[in-house]
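One structure is given here, and the rest of the page talks about it.
Protein chains: 2
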Amino acid sequence: MGSDDAYLLTASEALAKIRAGGMTIEGYVRSLLRRIDVRDVDVGAWAYIDKDYILQQARALDKVPMSRRGPLHGMPIAVKDVIYTKDMPTAHNSPIYKDDFPKLDAASIILLRHAGALFLGNLPSTAILMSLSLAYPVNLGKTTTAEFAASYTGPASTRNPHNPARTPGGSSSGSGAAVGDFQAPVALGTQTGGSTIRPGSFNGVYSIKPTWNAVSREGLKISSLMLDTIGIFARGVDDLDLVADAFGLQDDEASAFTGIKGARFALCKTVVWTMAGEGTRHAIARAVDILRAHGAEVEEVDLPREFDDLPRWHNIVLQTEGETFFLPEHRVAKEKLSPQLVGYVDRKAGYDRRAQLKALDSISALRPKIDEIAGRYTAILTPSVIDEAPEGLEFTGDSAFCVSWSALHTPVINVPGFQGHTGMPIGVSLVAPRYRDRHLLKVAKEVGKLFEAEGGWKRNA
Amino acid sequence: MGSDDAYLLTASEALAKIRAGGMTIEGYVRSLLRRIDVRDVDVGAWAYIDKDYILQQARALDKVPMSRRGPLHGMPIAVKDVIYTKDMPTAHNSPIYKDDFPKLDAASIILLRHAGALFLGNLPSTAILMSLSLAYPVNLGKTTTAEFAASYTGPASTRNPHNPARTPGGSSSGSGAAVGDFQAPVALGTQTGGSTIRPGSFNGVYSIKPTWNAVSREGLKISSLMLDTIGIFARGVDDLDLVADAFGLQDDEASAFTGIKGARFALCKTVVWTMAGEGTRHAIARAVDILRAHGAEVEEVDLPREFDDLPRWHNIVLQTEGETFFLPEHRVAKEKLSPQLVGYVDRKAGYDRRAQLKALDSISALRPKIDEIAGRYTAILTPSVIDEAPEGLEFTGDSAFCVSWSALHTPVINVPGFQGHTGMPIGVSLVAPRYRDRHLLKVAKEVGKLFEAEGGWKRNA
């Protein structure tokens, strides 16, 4: 494979090739830009992209001696357009913030840039921060999002790369689509309900919603403080690991997981199982069969009845926190805010602060309980979505299978490998106790190998 | 009183005078600037101030017809230098962010600006946001802070206006000192441990830490996500009410409080009472006597034993969340970060994620319980500080009496009126259940009248 097809590589593969001298960063980035040129009109994953700037970054990075490069040096990354980047505007898919350009890097962006910026170590720190505007890794651009990562309506421009008549999911629509379509190896998204796991499933990629608060959310505009989490998209678990390293994600103790054989999975169909369509039912059944065929135990586990209220508690927290966090936009430019978000501030659903506290406190009480339950198993296996990506671009799909885990703050990874009845990708989720993110990544890597090999769906460029 | 002495007014008094045509905004602001000129060398409350810009704002505001002015039109406000303002740099008292200038207004700043910006309503929204860079109310400047509002070491420049050999408290040092010294009528601060209540007490002003999450923290740099709260300083409860209105603070139901006579207060000395010095013991005793003399019941209430762990849980949350939120600065410029914050990231105290979750979940379980207990009374009466402001500027004072309420997310108001044995001001705290902020303000207004009249300390300019 020459540089021409380099867009097909995962980030880990590309970085290894660059380090081995087999490809320049500019060559790699040019391959991605050609892919974007060909595909952008059909997919529309980008809210902001500046090709000259990307090439300028790549050429500057190529000049850095190998000995002074950080672990992510030259890794191209796409960033959901609700995360502040001081080298690009951040518009939240809202006319209120059209062309807004806060000169601020989110904490996640600082960590990523720094992972490639070792050679700046001797400069004074102000200079370091200034220099970080020049991205290491390569900041490819900002990806489309549902309005404020909160609206159920997708960005009108973005289509599922596997079928342009279908939604790529949301709210991290562009991040899921760009990675699924080989336009970027890695992307950042966010999840408040199902905004990382759902587009992961719909676009046939791996996506992780880490433990809430394990990665600093500084510089990610708030939709719901108790729910929003930075998410990561990639086409391989190795790439998720690269970003997890940069983010400093670590468990208290090393994972004892040694392989699928002898592992124990809890199948949690959850209270919303009746919503599962044929594609998801098939995917879960195949997943169970594959795991068992490779020597794992899979035990169906019904969560205690008190967990049944989680979707309702989640919705109350979402709406009542939205009242607080969208108040500024409601005051300043209500007419430019979608009716859904206006409704949060106007309390259309009728939830008052007492309802909010009841929901918050009830969810809090369940968190140590799910840690205890999940801790008995290698991982929980549970649906990511109700089915393959639905037709149309307006509605980004149902997050019914995601919201409980978002509320519980557990890490969740979508593992691709299955398909729906029209051949669209479907993934399933693995869940672990809070702050067992690295264990979960380790498990997902082995599980993913099996699901991708035997699940029935093949990723095609 | 002419414009010369206008700096002595509360914001409510000044705005009424301006609305009545008795004073221009420029005249008011010039009075404050003269006060600042005289006092700044002794107090050092400002991290950033641009007098020409303040006058420019004032003159522009004076040109707006009365009929088109918002409720806070022309109200000068000082802002703690950890809250982003798009018209002024934000440096967090950290060399890492020296002269940093993110072009972003915090949610709290947008709400305050908008409260005076009715006349902009017909412009397109982008233009509105751009125009908001010109402040209504008047953005007086940025006030000094402990490093990232997190370090126990005060800003070296800032002195207590009532005695320059003593600390103004922290971490909202400049906000407390500026309001206590009549350099600003109102200021924004933050509280993670005791950073709003303690400087309120030390500087002899009212200060409120609202219910956690009741005011959007967007644009306030994160120290601890589960603890940080925007705070407000003023020399009268009417002024706190003005800002609370702009922030949209509202209770589910109107307060039933009608006056001190017949009100019921719970005196909570808390588990750290043995730390209380003579000044605080005297203040609490006087407060109880005054309330009883005016017909209130005061009942001493021991919180259940499970509340005794709160100071320890608070400290664990503070340090372990600090590990997440100061990781970017630790990676980029560890040598410019104070040893205390480096220690959070390096886990000097040895707290792992399991300890963090235990602390978070344990605190969560206590929140509905304190709501229930506090809900039985008009308010809880409890110490604000261990004693009057200590000598020296290095250490900003102990937050022992504040941290439990910060962890519990309840609203707290410091009410001034008492003094220590050297004559320095001492306040006491009133506490209510979560989201009973407006009730608490109503109670504090009546309680404050009594304490200021009969508590023994007099505010002098």
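Chains A and B supply the protein sequences, listed in that same order. Letter 50 of the first sequence, counting from 1, is numbered 50 in full-length UniProt numbering, and no numbers are missing. Letter 336 of the second sequence, counting from 1, is numbered 336 in full-length UniProt numbering, and no numbers are missing. From the three backbone atoms N, C-alpha and C, an ideal C-beta is built for every residue, glycine too. From a predicted model like this one, the values you see are computed outputs, not experimental measurements.
Put simply, the segment 378-395 of chain B touches the segment 155-167 of chain B. At least three CB pairs are less than 8 Å apart.
Close to chain B, meaning a Cβ-Cβ distance shorter than 8 Å, are the following residues of the segment 88-104 of chain A: P95, I96, Y97, K98, D99, D100, F101, P102, K103 and L104. In this structure, the alpha-carbon of A:N93 lies about 11 Å from that of A:S172.
Contacts between A:K221 and chain B, judged by CB atoms closer than 9 Å, involve E218 in chain order.
The beta carbon of A:A214 sits closer than 8 Å to some beta carbon of chain B. Among the residues of chain B, those whose CB is under 8 Å from the CB of A:P328 are A107, I110, L111, H114, S216 and E218, following chain order. Counting every other CB atom within 10 Å of its CB across the protein chains shown gives A:D437 a total of 16 or more, marking it as buried. Taking a C-beta distance under 8 Å as the contact criterion, B:A400 and B:M275 qualify as a contact pair. The alpha helix (DSSP H) runs of length 4 or more contained entirely in the segment 224-287 of chain A are, from start to end of the chain, 237-246. For B:P304, the secondary structure class from DSSP, reduced to helix, strand or coil, is coil. The three-state secondary structure of A:Y48, taken from DSSP, is strand. For B:F325, the chain A residues whose Cβ falls inside 8 Å of its Cβ are A107, S216 and E218, in order along the chain.
Within the same chain, and ignoring the five residues on either side of B:I36 in sequence, the residues whose Cβ sits closer than 6 Å to its Cβ are Q183. The DSSP-derived three-state label of A:T196 is coil. Burial check for B:D241: the Cβ neighbour count within 10 Å reaches 16 or more, so the residue is buried.
Across the structure, B:P368 and A:W212 are spaced so that their CA atoms are roughly 22 Å apart.
Assignment of A:A20 by DSSP, reduced to helix, strand and coil, places it in the coil class. No Cβ of chain A is located within less than 8 Å of the beta carbon of B:R438.
Close to chain B, meaning a Cβ-Cβ distance shorter than 7 Å, are the following residues of the segment 350-367 of chain A: D352, R353, R354, L357, D361, S364, A365 and R367.
Within the DSSP bridge table, the entry for A:G141 names A:A78 as partners.
Note that the C-beta distance between B:C402 and B:R217 is not below 8 Å. In terms of Cβ geometry, B:R434 and A:L357 form a close pair [threshold 8 Å]. Excluding five sequence positions before and after A:L111, the CB atoms of its chain that fall closer than 6 Å to its own CB belong to A246 and F247, given in chain order.
Listed in chain order, the non-local C-beta contacts of B:A349 below 6 Å within the same chain comprise Q319, local neighbours out to five positions each way being set aside. Under the three-state reduction of DSSP, B:L72 is assigned to coil, being neither helix nor strand. In this structure, DSSP gives B:S384 a state outside helix and strand, which the three-state scheme calls coil. With its beta carbon at least 8 Å from every one in chain A, B:L140 lies outside the interface.
Under a 10 Å Cβ-count criterion, A:D251 is classified as buried, with 16 or more other Cβ atoms of the shown protein chains found around its own Cβ.
A:R331 reaches chain B at L111 and H114, counting residues in chain order whose Cβ is nearer than 7 Å.
Secondary structure at B:V29: helix, using DSSP grouped into helix, strand and coil. Taking the C-beta atoms as reference points, A:T10 is found no nearer than 8 Å to A:K80. Taking the CA atoms as reference points, B:L441 sits about 25 Å from B:H314. Checking the DSSP bridge columns, you'll see A:F395 partnered with A:T153. Taking 7 Å as the upper bound on Cβ-Cβ separation, chain A lies near residues G248 and D252 of the segment 244-260 of chain B. A:E452 sits in a helix when the DSSP states are folded into three classes.
Just measuring C-alpha positions, the residue of B:T422, B:R459 and B:S157 sitting nearest B:H282 is B:T422.
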